[in-house]
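Residue numbers (UniProt numbering): 1 to 221.
The beta carbon of each residue, even a glycine, is placed where N, CA and C say it ideally should be.
A short worksheet on the structure shown next.
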């Protein structure tokens, strides 16, 4: 379970988030919506620990993520919108191998896991460097990197942008599978029509996180 309490964040005295609180349960797919520029990506970054809030705390399994940051980071996977976080001078396999080692994926499993995920996303498994990949192919590597260590929580910022329909369906199926395994997905997306049933939606509005409900509720739309 992941919980954020009283999160406040300001940039140059402009308050983006003010005492925002939310709880995400295990085995759920959670969608955060809101108008452009409202602070969705900022909130997501605070949740996965790359940005520090001015006030408030984030708890994973009832422990403040700042108290055991390394353990927390090894339990999460992050799909960002910025492919510059990839290692451009490495191949796709080398990118995944590097992250897999950092995340303590067992050596006996790592190479077979890399091969499996490269094949799943039809990512070129050769000596071609990531810097020479197309935008869509780089996005696939970003997604693969977030999944290589089989995280318990997946954070995804606009995961479907830049993907073809086939890959979008693959990602959707992965989200469904990990949720059925009791894991948690937290995402930002304007294209939530691609997502499977049982989405729990929240809206970032007036500097707070407002719970909207499940997609089978009339309030969802």
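What is the DSSP secondary structure of residue i, counted as helix, strand or coil?
{"i": "residue 35", "result": "coil"}
{"i": "residue 18", "result": "strand"}
{"i": "residue 185", "result": "strand"}
{"i": "residue 13", "result": "coil"}
{"i": "residue 170", "result": "helix"}
{"i": "residue 6", "result": "strand"}
{"i": "residue 122", "result": "coil"}
{"i": "residue 213", "result": "strand"}
{"i": "residue 219", "result": "Note that residue 219 has pLDDT 47, beneath the 50 cutoff, so the model's placement of it is unreliable and no number is given."}
{"i": "residue 176", "result": "helix"}
{"i": "residue 108", "result": "helix"}
Report the rounded CA-to-CA distance for residue i versus residue j, giving the unit in angstroms.
{"i": "residue 52", "j": "residue 205", "result": "20 Å"}
{"i": "residue 88", "j": "residue 133", "result": "9 Å"}
{"i": "residue 83", "j": "residue 20", "result": "29 Å"}
{"i": "residue 107", "j": "residue 212", "result": "43 Å"}
{"i": "residue 67", "j": "residue 121", "result": "36 Å"}
{"i": "residue 187", "j": "residue 95", "result": "23 Å"}
{"i": "residue 129", "j": "residue 102", "result": "20 Å"}
{"i": "residue 70", "j": "residue 61", "result": "14 Å"}
{"i": "residue 72", "j": "residue 97", "result": "20 Å"}
{"i": "residue 109", "j": "residue 119", "result": "16 Å"}
{"i": "residue 34", "j": "residue 158", "result": "13 Å"}
{"i": "residue 193", "j": "residue 36", "result": "18 Å"}
{"i": "residue 44", "j": "residue 24", "result": "12 Å"}
{"i": "residue 279", "j": "residue 48", "result": "For the chain, the structure presents residues 1 to 221; residue 279 sits outside this window and is missing."}
{"i": "residue 54", "j": "residue 125", "result": "43 Å"}
{"i": "residue 190", "j": "residue 173", "result": "18 Å"}
{"i": "residue 81", "j": "residue 168", "result": "15 Å"}
My assumption, with CB atoms under 8 Å, is that residue i sits in contact with residue j. Please give the rounded CB distance.
{"i": "residue 31", "j": "residue 199", "result": "5 Å"}
{"i": "residue 13", "j": "residue 56", "result": "The pair is not a contact, with the Cβ atoms about 18 Å apart (cut-off 8 Å)."}
{"i": "residue 209", "j": "residue 2", "result": "Between residue 2 and residue 209 the Cβ distance is about 13 Å, and since that is not below 8 Å, they are no contact."}
{"i": "residue 160", "j": "residue 171", "result": "7 Å"}
{"i": "residue 202", "j": "residue 58", "result": "The Cβ separation is near 15 Å, so there is no contact."}
{"i": "residue 79", "j": "residue 46", "result": "With 8 Å as the limit, residue 79 and residue 46 do not qualify as a contact, their Cβ atoms being about 16 Å apart."}
Take residue i and list the residues in its own chain whose beta-carbon comes closer than 6 Å to its own, dropping the five residues that flank it on each side.
{"i": "residue 214", "result": "200"}
{"i": "residue 117", "result": "144"}
{"i": "residue 182", "result": "26 and 27"}
Can you give me the Cβ contacts of residue i inside the same chain, cut-off strictly under 7 Å, excluding the 5 residues immediately before and after it?
{"i": "residue 123", "result": "92, 137, 140, 141 and 144"}
{"i": "residue 151", "result": "75, 76 and 77"}
{"i": "residue 218", "result": "Confidence at residue 218 is low in this model, with a pLDDT of 44, below 50, so the placement of that residue is unreliable and no value is reported for it."}
Can you give me the Cβ contacts of residue i inside the same chain, cut-off strictly under 8 Å, excluding the 5 residues immediately before and after it?
{"i": "residue 99", "result": "145, 148 and 149"}
{"i": "residue 39", "result": "9, 16, 17, 204 and 207"}
{"i": "residue 163", "result": "136, 139, 140 and 171"}
{"i": "residue 131", "result": "88 and 89"}
{"i": "residue 179", "result": "27, 28, 29, 185 and 198"}
{"i": "residue 111", "result": "97"}
{"i": "residue 127", "result": "91"}
At a cut-off of 7 Å, would you count residue i as near the ligand PLP, judging by its Cβ distance to the nearest heavy atom?
{"i": "residue 62", "result": "You won't find the ligand PLP in this model; it holds no ligand whatsoever."}
Output the residue ranges of the beta strand (DSSP E) runs that lie fully inside the region 127-165 and measure 3 residues or longer, sorted by chain position. Listed in chain order, the complete beta strand (DSSP E) runs (minimum 3 residues) inside the region 127-165 are 153-157.
Entirely within the region 29-97 and at least 4 residues each: give me those alpha helix (DSSP H) ranges in chain order. Entirely contained in the region 29-97, the alpha helix (DSSP H) runs reaching 4 residues are, in chain order, 40-47 and 69-74.
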